[in-house]
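Q: Using numbering that gives the first Met the number 0, you'd call the opening residue of the sequence shown number 0 and step up by one each time.
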Amino acid sequence: MVHPHAVAGFLVAVLPLIATPGASLALLIRPLIDSGRRQALPVTLGTVTGLYIHATLAIAGLSALVMHSSLAFSAVKLIGAVYLIGLGIWTWRSAAPNAAPAPYRQRLPKGADSVYAQALLANTLNPKAAAIYLPLVPQFIAPHQPFGGQILTLATAHALLIALWLTVWTFLILRASRALHRPRFKRTAAKATSAVLITLGIRSAVT
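1. For the alpha helix (DSSP H) containing Leu-119, list its first residue and its last residue.
2. Measure the alpha-carbon distance for Ser-73 versus Ala-80 and round it to whole angstroms.
3. Can you give the Cα-Cα distance for Leu-10 and Lys-190, rounded to whole angstroms?
4. With C-beta atoms as the reference, is Thr-123 less than 9 Å away from Thr-48?
5. Closest to Ala-25 by CA distance: which of Leu-14, Gly-87, Lys-76 and Lys-127 is it?
6. Alpha carbons only, please: which of Leu-153, Ile-172, Leu-159 and Arg-174 is nearest the one belonging to Pro-3?
7. Mapping the DSSP letters down to three states, classify Ala-111 as helix, strand or coil.
8. His-157: buried (16+ other C-beta within 10 angstroms of its C-beta) or exposed?
9. Below 8 Å on the Cβ atoms is my guess for Phe-114 versus Gly-45; work out the distance and round it to an integer in Å.
10. What is the DSSP secondary structure of Gly-21, counted as helix, strand or coil?
11. Would you mind working out which of Leu-173, Ala-121 and Pro-30 sits nearest Ile-52, comparing C-alpha positions?
12. Just mark Leu-196 as buried or exposed, buried being the case when its beta carbon has 16 or more other beta carbons within 10 Å.
13. Less than 9 Å between the C-beta atoms of Val-42 and Ala-118, yes or no?
Given below as structure tokens:
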């Protein structure tokens, strides 16, 4: 079992990473504007599922293989970058004034039929998320105890903190409900979201 002080220290360490705007927050904004609060849960669940995937890979040692193989690491990073850039381009195009109006789910690109899938892929294909569970997590677990349960405990605390962070943003976004339903605001928000996704993808590809 992880000591509560270790959990608290781990959360303090990852808080700056969570608070930095990323793909999960960018993916949260557009569905909320289009379809309301019910889209917040699948984005959060997709992000959390991605965290557990990284935690599971870390337990199995697969993440270590990726992080210590420059070729594997570069491949994962490139796939994630391409996905974010492609999603950003699609979001920008769907924000065009002459885009056909339709429910959000029907406007999703082929192969990504839910905001859950988009959030899951964005987090799973992010090698920086994997890096949290390699150099950082070992500093907060006891080496003389089974580390599988300890890593899952830290991952759960991490997931709860991200869920709380996205819930706060959901509340703040929905507070501006009047502006959210104006077509011009929707287009502006969609373009801002796409710009964030493309920027994240480019940064992931070149760093």
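We treat Cβ as the ideally placed atom computed from N, Cα and C, and that holds for glycine.
A: Result, derived from the coordinates:
1. From DSSP, the alpha helix (DSSP H) with Leu-119 extends over 114-123.
2. 10 Å
3. 32 Å
4. A contact, by the Cβ cut-off of 9 Å.
5. Selection Leu-14, Gly-87, Lys-76 and Lys-127 evaluated against Ala-25 yields Gly-87 as nearest (Cα-Cα).
6. Leu-153
7. Note on Ala-111: pLDDT 43, under 50, position unreliable in the model; the coordinate value appears next. Here Ala-111 sits in coil by DSSP.
8. buried
9. Here the sequence assigns Val to residue 114, which means Phe is not the residue at that position. Confirmed, Cβ separation roughly 7 Å.
10. Gly-21 falls in the coil class under three-state DSSP.
11. Ala-121
12. buried
13. yes
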